[in-house]
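Participant: Before we start, here is the structure in question, set down as structure tokens.
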Amino acid sequence: MLKISEFAQLAHTTRRTLILYDNNNLFKPTFVNSEGYRFYDYQKINELNTILTLKKLGLSIDEIKTIVFNKDQISEEFLLQLKSQVNDQISDLLKVNTAIDQRIMLKNSFDEAALYQPYEHNNKERFYWKSTNLENCSTQQIAKAFSEFYSNLDRLMGANGNYSGFIINLPKIDFKAFEDANFSLIKEATVPVNNNSITTITRPAGNYLAVDVISNYSLSCQNIRTGLNHLKEFIKTKNLRVDSELWQTNLGKNEAGSPIIRLELQIQ
Numbered sequence: 001m002l003k004i005s006e007f008a009q010l011a012h013t014t015r016r017t018l019i020l021y022d023n024n025n026l027f028k029p030t031f032v033n034s035e036g037y038r039f040y041d042y043q044k045i046n047e048l049n050t051i052l053t054l055k056k057l058g059l060s061i062d063e064i065k066t067i068v069f070n071k072d073q074i075s076e077e078f079l080l081q082l083k084s085q086v087n088d089q090i091s092d093l094l095k096v097n098t099a100i101d102q103r104i105m106l107k108n109s110f111d112e113a114a115l116y117q118p119y120e121h122n123n124k125e126r127f128y129w130k131s132t133n134l135e136n137c138s139t140q141q142i143a144k145a146f147s148e149f150y151s152n153l154d155r156l157m158g159a160n161g162n163y164s165g166f167i168i169n170l171p172k173i174d175f176k177a178f179e180d181a182n183f184s185l186i187k188e189a190t191v192p193v194n195n196n197s198i199t200t201i202t203r204p205a206g207n208y209l210a211v212d213v214i215s216n217y218s219l220s221c222q223n224i225r226t227g228l229n230h231l232k233e234f235i236k237t238k239n240l241r242v243d244s245e246l247w248q249t250n251l252g253k254n255e256a257g258s259p260i261i262r263l264e265l266q267i268q
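Counting in full-length UniProt numbering, the sequence shown runs from 1 upward without gaps.
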């Protein structure tokens, strides 16, 4: 038998919560001695965990009591609503988990000395939401495209901190061609979307040639030009063949606090 404080610690809850549940006939101690002290059996931990989980979903004590003690009185509508809440929380937690994984990967992957140095690496298959194709646009047109793209995605994104950027049709590795190329906005996808303004595309798994550059508002074009020149030279030196789709993704900030852009081309 465990004292109330010991059982609360084991269940990662508080003594006050256990007293509240006892007073509301939701979760009773195994026995109460003559002095009024509550004691709990180890085996009751699973029962309490179920109650605590339902409470985290926002259910009231009365609703939890119905689920735990009066299963036959639960309507199908209530169960479907509860299932929807669970699925929403799972989805949000998965998004947060993905964002944390990416921050960890980012923290461990940046080396200032490696900036502007092309390298080959393996990419897993990823899915992206993609805007309609944009031609050589003005700053105002690009801003409008950003606004429309993210407005359409707003209801889907939640806590999504996934990668975003551009996919650029670049048959020739050249900055002038880069400036004039057709491109689309992209955002790493969590669910498939296909409509008039957004489609879901696949970035294939495989070997990629990449270079990381600093994204500075006043120097971004210059830094991208430098990165593309290094890619071009690397391709020539190694006699590589690459696809014409350039993936430009925003990776967040490095240890120095500088935002980083990754430029990638799949190696054929």
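Backbone N, C-alpha and C fix where the C-beta goes; we use that ideal spot for every residue, glycine too.
Measuring CB to CB, does TYR128 end up less than 8 Å from ILE186?
Facilitator: The answer is yes: Cβ separation under 8 Å.
Participant: Would you mind working out which of ILE267, ILE260, LEU265, CYS221 sits nearest ALA114, comparing C-alpha positions?
Facilitator: ILE260
Participant: In this structure, how does DSSP classify ALA159 when only helix, strand and coil are distinguished?
Facilitator: Unreliable placement is indicated for ALA159, whose pLDDT of 41 sits below 50; the coordinate value is still reported in the next sentence. In this structure, ALA159 counts as coil in the three-state DSSP scheme.
Participant: I need the DSSP call for VAL86, collapsed to helix, strand or coil.
Facilitator: helix
Participant: Kindly indicate which three-state DSSP category SER244 falls into: helix, strand or coil?
Facilitator: When secondary structure is reduced to three states using DSSP, SER244 falls in the strand class.
Participant: Nearest CA to the CA of GLU125: which residue from ARG203, GLU245, LEU209?
Facilitator: ARG203
Participant: Just curious, the beta strand (DSSP E) that ASN169 is in, first and last residue?
Facilitator: 164-169
Participant: Which complete alpha helix (DSSP H) runs does the region 51-97 hold, if anything under 4 residues is left out?
Facilitator: 61-69
Participant: For ASP88, does the count of other Cβ atoms within 10 angstroms reach 16, so buried, or fall short, so exposed?
Facilitator: exposed
Participant: Might you give, ordered along the chain, the residues of its own chain that have their beta carbon closer than 8 Å to the beta carbon of THR50, omitting 5 neighbours on each side?
Facilitator: VAL68
Participant: According to the Cβ coordinates, are ASN24 and SER164 closer than 8 Å?
Facilitator: No, the pair does not count as a contact, with Cβ atoms beyond the cut-off.
Participant: Hey, which unbroken runs of the alpha helix (DSSP H) at 4 residues or more fall wholly within the region 192-247?
Facilitator: 220-238
Participant: Do the CB positions of ASN216 and ASN223 come within less than 8 Å of each other?
Facilitator: Yes, the pair counts as a contact, with Cβ atoms nearer than the cut-off.
Participant: Return helix, strand or coil for SER34, following the three-state DSSP convention.
Facilitator: Under the three-state reduction of DSSP, SER34 is assigned to coil, being neither helix nor strand.
Participant: Give the range of the alpha helix (DSSP H) segment to which LYS176 is assigned.
Facilitator: 175-180
Participant: Can you tell me the Cβ-Cβ gap for TYR37 and MET1, rounded? I've got them flagged as a contact below 8 Å.
Facilitator: That belief does not hold up - the Cβ atoms of TYR37 and MET1 are roughly 10 Å apart, past 8 Å.
Participant: Please report the distance separating the alpha-carbon of LYS95 from that of GLY227.
Facilitator: 31 Å
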